[in-house]
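Just so we're aligned: the sequence shown equals residues 6 to 344 in this note's numbering.
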Amino acid sequence: MTHHTIVPRLKDVFKDSFRIGAAVNDFVLEERKEVLAEHFNSLTAENSMKFESIQEKEGVFDFSEGDRIVAFAKENNMVVRGHTLVWHNQTPEWVFYADKDKKKLASKELLVERMTTHIHTVMKHYEDTILCWDVVNEAIEDKGTTRLRDSLWYQIMGEDFIDQAFRIAHAANPNAQLFYNDYNESDPEKSDKIYETVKGMLARGVPVHGIGLQCHWNLYGPSLDDIAHAIEKYASLGMRLHITEMDVSVFEFEDRRTDLLAPTEELLAMQAERYEGFFKIFRAHSDAIDSVTFWGVDDAYTWLDGFPVPDRKNWPFLLDDKSEPKPAFWSVVKTLEEK
Ligand code: HAH
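As C-alpha cells, this is what we get:
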C-alpha cells in the first residue's frame, strides 16, 4: 500500500448499515482526535461512566471525564452509548454493604434505593446526550446450567435485580433505549441463557429494547456459524442489536505465549479473514444491527495489553498502532462491494 492510497472512512463505508463506534478514555480522546473524527460516529466511555468512576463515594458524583467524551461527540456529530449502570465489576464495595466496616451486607431495600439513586442521577445528567444505555452488564453465568451469575446484586436482590434495573432506568428516561450487554454472547449455551433471560423480561413487560453483543473474539473462535445463530436468535425477540465491545485478539484465550513483539504477516492475514467473515454477517443482519463499536481505536492501546496474560501486547483492531489501515481494515471495507 503506498501513501497515495485513499483510505475510506469506516463510518461512510457503513453508513447505510450501522454506526461505527470506539471506546475511549481521556488519553485516547486527547491523542486520537483526528482518527476518531475521521472514522467513527459513535463513542463509548471505556471506564468513565462505570459506577466506580462516577460514584466512588456514596452521594459524590463525578461526571468530569464522561462530560469530556460527550462534548467531543457533540462537536463531531457522534452518538454516545452509555456503559454501564449495573455491573458486578468496577463497582465500589460500599454499594453492597450496610456498614463502613463491610461486615454486614446491605438489605434488599437499601440496595434498591442505591440502585435507584445511581441510575436516576446518571441518566438525568445525560438525559439530552445519551439515548442508549447498557443497563445491566454481564449478569449471566458462563458455565454449566446455572443461568444467573452469583454476584452481590443477585445475592441481595435476587433474580429480580435485572427487571428492577430496567424499570428504574425507563422511569429515569423513557426516551432512552435500554440494553442488556454481555460477552461470550455467541457461545451456544450462554446465548440460550441470554435469550431466555430477555424473553422472560419481555413476557413480564419489562422495558428492554436491545441486546449488546460485546464480541471479544479471537482468531480461533467463536465460529461464524455460532455468531450467525446467536444474532438470529436475539433478533427473533424483536430486539435491536448493538455490537458493543468488538476486538479480535491474535491469541486464543488459553494461549500463554509472550514471545511475540509484533504481529506476523500470517497472523494479520488470519485476522483479516476473520474480520471479513464477521462483517459479512453483520451486513447480512443490518436490519437488526444499529451499531458496531470497537473496544478501542487502534492497536497503540487496548485493554488486552496485559490481559489475561501480564506484560503481553495484543493487536486486535482494524487500525495499527499509528492509526494506519491493517489488512483487516481492507477486508472489512471489501464487504461493501460484495453486498
Ligand atoms: C468487558 N468485560 C467489560 O464490559 C468492559 O467494561 C471492560 O472495559 C472490558 C471488557 C469482558 C470480560 C471478558 O472479556 C472476560 C472476562 C471477564 C469480562
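Every residue, glycine too, gets a C-beta built ideally from N, C-alpha and C.
Where the alpha helix (DSSP H) through residue i begins and ends
i    : result
H44  : K38 to H44
T202 : P193 to A208
E114 : K113 to H130
Y159 : L157 to M162
S336 : P332 to K339
D168 : F166 to A177
W17  : Just to set this straight, residue 17 is Asp in the shown sequence, not Trp. L15 to V18 is the extent of the alpha helix (DSSP H) around D17.
F284 : E270 to A289
F312 : From DSSP, F312 is part of no alpha helix (DSSP H); its letter is neither H nor E.
F56  : F56 to I59
Bridge partner(s) assigned by DSSP for residue i
i    : result
S47  : G26 and V84
I135 : V85
R245 : G215
I74  : DSSP, once it has assigned bridges, lists no residue as partnering I74.
K318 : DSSP output for K318 lists no bridge partner at all.
I11  : Bridge partners of I11: none, in fact.
K62  : V65
N142 : N186
N254 : In the sequence under discussion, the amino acid at residue 254 is Ser, which differs from the Asn named in the question. S254 is bridged to N223.
L265 : Note: L265 sits in no beta bridge, so no partner.
L323 : Looking at the DSSP assignment, L323 forms no beta bridge with any residue, so it has no partner.
L153 : I145
Segment limits, beta strand (DSSP E) that includes residue i
i    : result
Y239 : Y239 -> not in any beta strand (DSSP E); alpha helix (DSSP H) instead, spanning L229 to A240.
H221 : H221 to N223
I294 : I294 to F299
Q95  : No beta strand (DSSP E) contains Q95, which DSSP labels as neither H nor E.
L110 : Segment: none, L110 is in no beta strand (DSSP E) and carries neither H nor E.
L183 : Q182 to D187
For residue j and residue i, the rounded distance between their alpha carbons
i    : j    : result
D304 : L34  : 15 Å
K3   : G26  : With the chain represented from 6 up to 344, any question about residue 3 goes unanswered, as that position is not in the structure.
M162 : P179 : 24 Å
R309 : L207 : It should be pointed out that residue 309 corresponds to Leu in this sequence rather than to Arg. The alpha-carbon atoms of L309 and L207 are separated by roughly 35 Å.
Q169 : D292 : 29 Å
P315 : D264 : 12 Å
L136 : R86  : 7 Å
K129 : W138 : 12 Å
Y280 : K20  : 18 Å
F322 : F283 : 13 Å
V338 : A177 : 39 Å
L229 : D147 : 20 Å
E257 : D104 : 43 Å
V297 : A267 : 26 Å
A240 : E278 : 25 Å
A76  : T150 : 44 Å
V127 : G64  : 12 Å
D31  : A50  : 9 Å
E259 : A111 : 37 Å
I236 : I248 : 10 Å
M120 : I167 : 11 Å
I294 : K108 : 45 Å
Contact test: residue i Cβ vs the ligand HAH heavy atom, cutoff 6 Å
i    : result
H247 : no
Y188 : yes
H290 : no
W308 : yes
H384 : An answer regarding residue 384 cannot be provided, because it is not within the stretch 6 to 344 covered by the chain.
H221 : yes
Anticipated Cβ contact below 8 Å, residue i with residue j, distance rounded
i    : j    : result
K1   : I145 : No answer is possible for residue 1: the residues shown for the chain start at 6 and end at 344.
L246 : V213 : Not confirmed; about 12 Å, so no contact.
H3   : Y200 : Nothing about residue 3 can be reported from this structure: the residues present for the chain run from 6 to 344 only.
V140 : L218 : At roughly 15 Å, the Cβ-Cβ gap does not stay under 8 Å, so V140 and L218 are not in contact.
S53  : G71  : 5 Å
H88  : S156 : No, H88 and S156 are not in contact; Cβ-Cβ is about 17 Å, not under 8 Å.
V100 : F56  : 7 Å
V302 : L15  : Wrong, their Cβ atoms sit about 11 Å apart, outside the cutoff.
D252 : F312 : Going by Cβ atoms, the distance from D252 to F312 rounds to 11 Å, so no, they are not a contact pair.
K331 : L324 : 6 Å
S181 : I124 : Per the sequence presented here, residue 181 reads as Ala, with Ser not at that position. About 10 Å; that fails the 8 Å criterion.
Chain D within 7 Å of residue i, Cβ atoms only
i    : result
E143 : Protein chains in the displayed structure number just one, and chain D is not present.
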